[in-house]
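J.:
Numbering (my numbering), first residue to last: 43 to 471.
1) Can you tell me whether DSSP reads residue 353 as helix, strand or coil?
2) Can you tell me which of the three DSSP states residue 324 falls into?
3) For the 8 Å Cβ check, are there 3 or more pairs between the region 46-63 and the region 130-149?
4) Give the C-beta separation of residue 143 and residue 260 to the nearest angstrom, bearing in mind that I take them to be a contact with Cβ-Cβ under 8 Å.
5) How would you label residue 65, buried or exposed, when you count the other beta carbons within 10 angstroms and need 16 or more for buried?
6) Can you tell me which residues form a DSSP beta bridge with residue 372?
7) Buried or exposed: residue 376, going by 16 or more other Cβ atoms within 10 Å of its Cβ?
8) Please check the pair residue 169 and residue 92, which I expect to be a contact at CB under 8 Å, by giving their CB distance rounded to whole angstroms.
9) Counting only the same chain and skipping the five closest in sequence on each side, list residues whose C-beta sits under 6 Å from that of residue 216.
10) Please confirm whether residue 230 and residue 253 have their CB atoms less than 9 Å apart.
11) Report all residues from its chain with a CB closer than 6 Å to the CB of residue 334; omit the five preceding and five following residues, and keep chain order.
12) If I follow the unbroken beta strand (DSSP E) through residue 418, where does it start and stop?
13) Going by beta-carbon coordinates alone, are residue 196 and residue 225 separated by less than 9 Å?
14) In the DSSP assignment, the beta strand (DSSP E) including residue 195 goes from what residue to what residue?
15) Where DSSP assigns a beta bridge to residue 280, which residues make up the other side?
16) Name the one or two DSSP bridge partners that residue 248 has.
17) Does residue 394 come out as helix, strand or coil in the three-state DSSP assignment?
18) Run through the region 77-151 for me and flag every whole beta strand (DSSP E) of 3 or more residues, listed as ranges in chain order.
19) Take the Cβ of residue 130 as the centre, count every other Cβ of all protein chains shown within 10 Å, and call the residue buried at 16 or more, exposed below.
20) Taking the C-alpha atoms as reference points, what is the distance between residue 202 and residue 220?
21) Under 8 Å by Cβ, that's how I've got residue 99 and residue 119 pegged, so tell me the actual separation to the nearest angstrom.
22) Which class does residue 221 belong to by DSSP, given the choice of helix, strand or coil?
23) Can you tell me which of 413, 248, 404 and 297 puts its alpha carbon nearest to the alpha carbon of residue 393?
24) Helix, strand or coil, according to DSSP, for residue 181 in the structure here?
25) Among 362, 97, 409 and 419, which one has its Cα closest to the Cα of residue 275?
26) Give the range of the beta strand (DSSP E) segment to which residue 331 is assigned.
27) Quick test of the definition: if touching needs 3 or more C-beta pairs under 8 Å, does the region 243-253 touch the region 438-455?
28) Would you list the one or two residues that DSSP bridges to residue 71?
29) Taking only three categories from DSSP, how would you classify residue 261?
30) Go ahead and label residue 306 buried or exposed: buried means 16 or more other beta carbons lie within 10 angstroms of its beta carbon, across all protein chains shown.
31) Within a Cβ cutoff of 6 Å, which residues of the same chain sit near residue 160, ignoring the five residues on either side of it in sequence?
32) Starting from residue 207 and walking both ways along the alpha helix (DSSP H), at which residues does that stretch end?
33) Taking 8 Å as the threshold, find out whether the region 309-318 comes into contact with the region 435-443 through three or more Cβ pairs.
34) Give the range of the beta strand (DSSP E) segment to which residue 451 is assigned.
35) Just mark residue 340 as buried or exposed, buried being the case when its beta carbon has 16 or more other beta carbons within 10 Å.
36) What does a CB cutoff of less than 8 Å around residue 95 pick up in its chain, not counting 5 residues either side in sequence?
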């Protein structure tokens, strides 16, 4: 694999800044962005022994990417009953989520900083038999060293904006050198497939989004029973994964809904739970229940603030309608509509959905989702569904049916990975 001047410059830069990285990590830890108890993992020093046998390594940047990998992890463990899966990511929220959701024989470590020393320590310890990277995070030192050791590599669910492709095109030789490390590249959508094909000068196929093949989010059944009892027969809508600037829109929409359906409950699920106090200060409703405080719901509760991690399955189980946020403010790119659809929720979203455009466009064509282009119309759209039970039931059913039909993506991805999958332990090649 040829090394360009840009890659050499990057390698030199990472060596130069390496002595300052411990201070940088400590500052991030003070802000809650690093786990001080596990900082050595960021320098490639493992916090556990390598398990015996075959080890599949899967990497995703944060929550969305590692969550997407869960069905593939289950597939690997089913097909390779003696193997283990190492999952790496770089955020504390993803680490917390993986601690709750990874199955037996799978475990999480923080991805090492992209310095030669940290990467070498990481790879010397783990010696993966296969490396699967998700979406778009590219760490040159980690990528090049992994390839240099002869480890088969794949980039799955690759996603790149047109702007990113154009940026890489200005450094095309470096892009071809780095992306050329992957033995298999599968794009998550047609736009990325076309962009990478043009950039790399070779055909890149879209397998469809692996996020569409995810299993249902987990639900704590005892909590669900309690909360359903407290809510009763009230209509419930969920604003899922709200970002800064969206909560004001959602709260205004809820007031519109209450004018027509006074006993409606809003589940306001924050994308970043650490913003809870900030959002509580925005509310002027009489009764607000706070999930992190285990505040009891009562018939007068008008807003249920979900400021926890890993409980979206619970939120969707309680809801009739979900408005998928990350879509109401310019600069955002949407979130996964299939998560609420799997819980038989009617699905609505806003105008900014580029990260999941293919999924949304297909769902809208199937009448399994609605796209609300004006933020001022959110409340009216939800109210209309609550006013028409037959229409609500139909949209819920279509959303559920669509989600169930997307599970074929996983089998297709597995088929495309088959040329680089290692032989099973004891299997004769």
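The C-beta atom is built at its ideal place from N, Cα and C for all residues, glycine as well.
In this text, all values refer to a predicted model and were calculated from it rather than measured experimentally.
T.: Judging by the given coordinates:
1) Residue 353: coil per DSSP, three-state reduction.
2) In the structure shown, residue 324 sits in coil (DSSP, three-state: anything other than H, G, I, E or B).
3) Taking a cut-off of 8 Å for Cβ pairs, the region 46-63 and the region 130-149 do not touch, as fewer than three such pairs fall below it.
4) Contact between residue 143 and residue 260 holds: their C-beta atoms lie close to 6 Å from each other, under 8 Å.
5) Residue 65 counts as exposed, since fewer than 16 other C-beta atoms from the protein chains shown sit within 10 angstroms of its C-beta.
6) DSSP, once it has assigned bridges, lists 374 as partnering residue 372.
7) Residue burial annotation: residue 376 is buried, with at least 16 other C-beta atoms found within 10 angstroms of its C-beta.
8) 7 Å between Cβ atoms; contact.
9) Excluding sequence neighbours, residue 216 sits near 46, 48 and 49.
10) Yes, these two residues count as a Cβ contact at 9 Å.
11) Around residue 334: 349 and 350.
12) According to the DSSP assignment, residue 418 belongs to no beta strand (DSSP E), since it is labelled neither H nor E.
13) Going by C-beta atoms, residue 196 is nearer than 9 Å to residue 225.
14) Where residue 195 is concerned, the enclosing beta strand (DSSP E) starts and stops at 195-200.
15) According to DSSP, which records beta bridges pairwise, residue 280 is partnered with 309 and 364.
16) In the DSSP output, where bridge partners are listed per residue, residue 248 has 229.
17) In the structure shown, residue 394 sits in coil (DSSP, three-state: anything other than H, G, I, E or B).
18) Annotation note: the region 77-151 contains the following uninterrupted beta strand (DSSP E) runs of length 3 or greater, listed N- to C-terminal: 97-101 and 126-131.
19) Classification of residue 130: buried, given that the 10 Å Cβ count is 16 or more.
20) Each residue's Cα considered, the two are about 15 Å apart.
21) About 14 Å separates the beta carbons of residue 99 and residue 119, which is beyond the 8 Å limit, so they are not a contact pair.
22) Note: residue 221 maps to helix in three-state DSSP.
23) For residue 393, the closest of 413, 248, 404 and 297 by C-alpha to C-alpha distance is 413.
24) Residue 181 sits in coil when the DSSP states are folded into three classes, being neither helix nor strand.
25) Of the listed residues, the one whose Cα sits closest to residue 275 is 362.
26) Here the beta strand (DSSP E) through residue 331 covers 330-332.
27) Short answer: they touch.
28) Per DSSP, none; premise fails for residue 71.
29) Looking at residue 261 - three-state DSSP - the assignment turns out to be coil, as it is neither helix nor strand.
30) Buried: at least 16 other Cβ atoms inside 10 Å.
31) Counting only residues of its own chain and dropping the five nearest sequence neighbours on each side, residue 160 has a CB closer than 6 Å to the CB of 85, 86 and 154.
32) Residues 204-211.
33) Flag = no, the region 309-318 and the region 435-443 do not touch.
34) Annotation for residue 451: no beta strand (DSSP E) segment contains it, though the alpha helix (DSSP H) segment containing it runs 450-459.
35) In this structure residue 340 is exposed. Its beta-carbon is surrounded by fewer than 16 other beta-carbon atoms within 10 angstroms.
36) Excluding sequence neighbours, residue 95 sits near 124, 125, 126 and 467.
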